[in-house]
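This note's numbering applies: residue 1 is where the sequence shown begins, and numbers increase by one.
Using N, Cα and C, we set each Cβ at its ideal position, and we do this for glycine too.
Since we're looking at a predicted model, the values are computed, not measured.
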Amino acid sequence: NQNVFTMSQREKRRLKIDELPGTLGEALDFLAKDKVITGALGDHLSEAYITGKRKVWIDFLATVHPWELDQYLATY
């Protein structure tokens, strides 16, 4: 019973604790490498899904979000 968020990276490695992807982009990279899921979906569906979601991720990255406006507009 330990708090994973307070552990060092070394301790997490020792305990074999992996982290979930931090972004949609990272998750798509892992999905593209996962032979079980892509095999179950088939090549056509896997490629179409990953391509579509990569477009969503690129669109998200290109968008200025309200938090950014609130955080930086007055400062800079």
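Assigned secondary structure, residue i (DSSP; H/G/I helix, E/B strand, else coil)
i     : result
Leu24 : helix
Gly42 : coil
Asp18 : coil
Leu31 : helix
Ala48 : helix
Met2  : The identity of residue 2 in the sequence shown is Gln, whereas the question assumes Met. Three-state result, Gln2: coil.
Inter-residue spacing [alpha-carbon to alpha-carbon] between residue i and residue j
i     : j     : result
Gly25 : Val64 : 18 Å
Pair within 8 Å by beta-carbon distance, residue i and residue j
i     : j     : result
Trp57 : Leu28 : yes
Ala32 : Ile50 : yes
Val4  : Ile17 : yes
Span of the alpha helix (DSSP H) around residue i
i     : result
Leu69 : 66–72
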